[in-house]
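For the sequence shown, my numbering begins at 264 and goes up steadily by one.
Input: a single structure, listed below in structure tokens.
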Amino acid sequence: MNNNTHRQDASEELLASSTVDDMRLQLNLEQRRAHDAERLAAAACAISASLDLDVALDKVAEQAAHLLYLESAAVFLFDEGITSFHSWSRPNQATSLRGLEALLEQSEALSLVRERGEPVIIDDVLSSAILPVTLRERIGIRSLALLPLVSARGVIGCIVAPKFKLYHWTVDDVRLGLALVAQSATAIENALLFDILQQHNRRIEVLNALAQLLNTLPDPNQHLDLILRRITEVMELDAGMILLLDPDGGGLKLIAHFGLPGEVSFELSAFPLRSLHEIACLVVASGESLMFNGVQHDGHIRDEPLCDVGFCDLMAVPLAASNTILGVLLVGSHRPRGLTDEDLALFTTIGQQLGLTLKNAQLLRSASEMEALREADRLKSRFIAAVSHDLRSPLTAIRASVEGLLDWGGGSSIREHEHLLHNIAGQASRLGALVDQLLDLSRIEAGALPLDRDWAELPVLIGDTITKFEVLNSKCLVERDLAADLPLHYVDPDRFVQVLWNLLENASKYSLSYAPIKIEAKWTGTEVVIGVADRGPGIPLGEREKIFQHFYRLDRDRRTHTKGSGLGLAICRGIVEAHGGRIWVEDRPGGGSIFRIALPLPPPDPTGPEASKEHELVYCEH
Ligand code: ADP
264 MNNNTHRQDA SEELLASSTV DDMRLQLNLE QRRAHDAERL AAAACAISAS
314 LDLDVALDKV AEQAAHLLYL ESAAVFLFDE GITSFHSWSR PNQATSLRGL
364 EALLEQSEAL SLVRERGEPV IIDDVLSSAI LPVTLRERIG IRSLALLPLV
414 SARGVIGCIV APKFKLYHWT VDDVRLGLAL VAQSATAIEN ALLFDILQQH
464 NRRIEVLNAL AQLLNTLPDP NQHLDLILRR ITEVMELDAG MILLLDPDGG
514 GLKLIAHFGL PGEVSFELSA FPLRSLHEIA CLVVASGESL MFNGVQHDGH
564 IRDEPLCDVG FCDLMAVPLA ASNTILGVLL VGSHRPRGLT DEDLALFTTI
614 GQQLGLTLKN AQLLRSASEM EALREADRLK SRFIAAVSHD LRSPLTAIRA
664 SVEGLLDWGG GSSIREHEHL LHNIAGQASR LGALVDQLLD LSRIEAGALP
714 LDRDWAELPV LIGDTITKFE VLNSKCLVER DLAADLPLHY VDPDRFVQVL
764 WNLLENASKY SLSYAPIKIE AKWTGTEVVI GVADRGPGIP LGEREKIFQH
814 FYRLDRDRRT HTKGSGLGLA ICRGIVEAHG GRIWVEDRPG GGSIFRIALP
864 LPPPDPTGPE ASKEHELVYC EH
């Protein structure tokens with residue numbers, strides 16, 4: 264039989280025979296075919312049992328060996344230039360197919376199968392012109408059948424059926440083999456499709472997981488370490504780096520890294536990160552993603568620089584948003600991972616996703632910076648307008664009094680003279696108080712209000728303040744209700760009195776009647792709460808927070824020209840908060856307002872052992 268010609272179906276000759284012997288032969292043949300059909304059905308079952316491509320290929324090789332009575336068999340899969348090879352041998356088999364892949368890959372026989380999609384049947388390798396004789400010399404193969412795996416996409420591979428002795432392939436062998444390849448091609452195609460589907464699913468899962476993470480982070484720039492860790496995890500890699508371009512043209516900067524050997528220097532221009540930096544620069548320059556599969560067939564890592572950082576495989580992709588490259592995302596694995604084009608495509612999408620998020624965060628930041636600048640500008644203008652107005656009124660009054668004095672002729676009395684001088688003194692001290700308030704306010708806003716704190720008895724401080732206040736405001740009566748269990752408190756006494764004074768002044772200033780003001784103080788177990796209550800008009804609900812803003816005054820007081828700057832309560836809040844406390848206003852039952860201050864005790868030992876002992880005593884009491 265000519266090795267390269269395809270066999271003619273001989274069964275018709277057998278059917279034509281009419282002798283008894285021929286009939287018997289025919290019967291045997293029928294039985295054998297029935298038996299073969301059963302075996303084929305079992306093989307088809309085994310082959311299509313798994314959707315895992317590797318398992319399916321192993322099964323195809325195994326079933327081919329069983330069906331064609333071979334010691335071993337193999338499957339070649341052609342996949343866009345790359346061929347994969349799976350072989351199976353019966354257990355305890357002396358023969359081996361090692362080296363078969365390389366020998367066949369170059370052979371004309373394999374090209375024929377691939378191009379024509381027809382089987383190649385060779386009874387004797389030694390007399391074949393399309394197979395290398397080394398098949399016999401190196402592997403011991405004497406006879407060979409190559410059966411094409413044909414699917415709707417074309418020839419996807421072939422089954423290699425070797426015999427280690429001279430063999431005459433029969434028509435039934437070939438028929439059985441072709442039936443098997445038809446079943447196998449379908450099973451392999453299904454497994455390939457399933458593999459693609461799984462990859463696709465994984466890709467969607469990875470992108471979803473990342474999108475979810477990026478959406479939940481308020482500012483992704485603050486969490487690049489976490490993002491990088493998550494990306495390397497979902498990509499099943501070991502290590503990564505995020506390098507961002509310095510907006511001032513300073514090149515790439517290492518912003519986050521994960522899984523790099525602890526002892527490496529993180530200087531980009533130095534060994535060993537230098538090589539990774541060079542790769543990242545290439546990505547920035549070209550705007551293209553790069554992939555390195557560093558392991559050779561012999562298991563050695565091909566790329567020395569990668570080896571230095573402990574990377575076998577590596578991908579580097581641009582962090583890109585529209586036409587801008589913000590930096591480079593680089594991931595790698597310490598073990599050979601065999602990165603694929605799909606991995607690179609997925610990773611490139613991740614780079615775009617992260618780049619876009621970083622760009623959006625950048626835009627948001629500059630937008631809010633702009634808004635903050637605008638707001639600061641608005642506040643500054645309001646502040647200057649308010650300050651100029653408040654400074655001008657005492658100055659105007661002083662100037663008027665001074666001009667009055669200068670014009671003083673003999674006609675004016677000494678009393679008038681004194682009145683003008685008192686006026687100047689009063690306005691000057693108002694001016695001085697205003698400047699002091701402005702200074703306090705600027706210190707509070709800068710977070711630099713100095714506090715000279717010491718342990719103090721609050722009832723004593725409160726009592727002294729009330730006494731002084733009543734002396735200066737003779738028409739005012741201040742009631743007091745101070746709990747007996749008030750602890751020593753760690754406050755700046757002058758500042759504490761300043762707050763109290765301001766609240767007392769307001770209580771008297773804004774109350775038309777001379778109903779007594781009341782100061783109460785109680786200890787809650789964690790803080791001292793002091794209330795200053797008046798019988799004035801009260802504060803409308805919507806204004807109760809606003810009156811603590813600087814220069815804020817209620818309309819009714821602006822209209823009635825009640826003296827005031829709108830700074831007092833803002834300063835009170837600044838002082839109380841510097842003590843770690845709170846200040847607010849409530850309605851007073853029966854009419855009026857109560858301004859309350861809550862001052863928590865500081866944590867133990869604020870000023871050394873002496874004070875801490877004293878402090879402990881205070882705590883023991885309660
Ligand atoms: P000033 O009293 O100098 O105007 P404040 O900051 O002390 O500034 O007070 C802010 C505003 O809150 C006052 O202008 C006034 O309208 C209102 N206010 C403050 N205390 C009282 C009070 N006890 N009763 C009613 N209104 C008050």
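Using N, Cα and C, we set each Cβ at its ideal position, and we do this for glycine too.
- Between the segment 573 to 586 and the segment 548 to 558, the count of C-beta pairs closer than 8 Å reaches three or more; the two stretches touch.
- Here D755 is buried. Its C-beta has 16 or more other C-beta atoms within 10 Å.
- In this chain, D850 is not harboured by any alpha helix (DSSP H); it is covered by the beta strand (DSSP E) spanning 845 to 850.
- The segment 439 to 449 makes no contact with the segment 366 to 381; the number of CB pairs closer than 8 Å stays below 3.
- Distances taken from the Cβ of N736 to the heavy atoms of ligand 1 include none shorter than 7 Å.
- Per DSSP, the beta bridge partners of C421 are F339, P411.
- The Cβ atoms of I613 and L507 lie no closer than 8 Å to each other.
- Residue pairing by DSSP places G805 opposite no residue, since no beta bridge is assigned to it.
- In the pairwise beta carbon analysis, the segment 698 to 708 is classified as touching the segment 829 to 840: at least three pairs are separated by under 8 Å.
- Under the three-state reduction of DSSP output, H680 falls in the helix class.
- Remark: the C-beta of A778 is outside contact range of ligand 1, defined as less than 7 Å to any heavy atom.
- Per DSSP, R836 is one residue of the alpha helix (DSSP H) stretching across 831 to 841.
- CA-to-CA, the gap between L735 and A648 works out to about 32 Å.
- From the listed residues L721, I860, Q690, the smallest Cα separation to L654 is found for Q690.
- A buried status is given to K322, since no fewer than 16 other beta-carbon atoms sit within 10 Å of its beta-carbon.
- One alpha carbon belongs to S776, the other to S629, and they sit about 53 Å apart.
- By the Cβ neighbour-count rule, C421 is buried, with 16 or more other Cβ atoms within 10 Å of its own.
- For the 8 Å CB-CB criterion, P865 and Y773 do not form a contact.
- Between ligand 1 and the CB of Y753, the shortest heavy atom gap is not smaller than 7 Å.
- Taking a cut-off of 8 Å for Cβ pairs, the segment 512 to 525 and the segment 608 to 628 do not touch, as fewer than three such pairs fall below it.
- By the criterion of a C-beta distance shorter than 7 Å, H486 is surrounded in its chain by L480, once the five residues flanking it on both sides are discounted.
- Taking non-hydrogen atoms of ligand 1 into account, the C-beta of G788 is found less than 7 Å away from none of them.
- In the displayed model, S447 falls within a helix according to three-state DSSP.
- Beyond the five residues adjoining it in sequence on each side, T397 comes within less than 7 Å, by CB distance, of L366 in the same chain, given in chain order.
- Between ligand 1 and the CB of N586, the shortest heavy atom gap is not smaller than 7 Å.
- Counted as a single uninterrupted DSSP element, the beta strand (DSSP E) harbouring V383 occupies residues 383 to 385.
- Selection S391, A307, I419 evaluated against F348 yields I419 as nearest (Cα-Cα).
- Between M286 and E293, the alpha-carbon positions lie close to 10 Å from each other.
- In summary, N291 is exposed, with fewer than 16 beta-carbon neighbours lying within 10 Å of its beta-carbon over all protein chains present.
- DSSP, read as helix, strand or coil, puts N453 in helix.
- Placement of the Cβ of R807 at a distance of 7 Å or more from every heavy atom of ligand 1 is found.
- In this structure, P581 has its beta carbon at no less than 7 Å from each heavy atom of ligand 1.
- Counting only runs of 3 or more residues that sit fully inside the segment 289 to 352, the beta strand (DSSP E) segments are 335 to 342, 345 to 352, in chain order.
- Under the three-state reduction of DSSP, S538 is assigned to helix.
- Contact annotation, G794 with E783: C-beta distance approximately 5 Å; criterion of less than 8 Å satisfied.
- Beyond the five residues adjoining it in sequence on each side, S771 comes within less than 7 Å, by CB distance, of N736, C739, I780 in the same chain, given in chain order.
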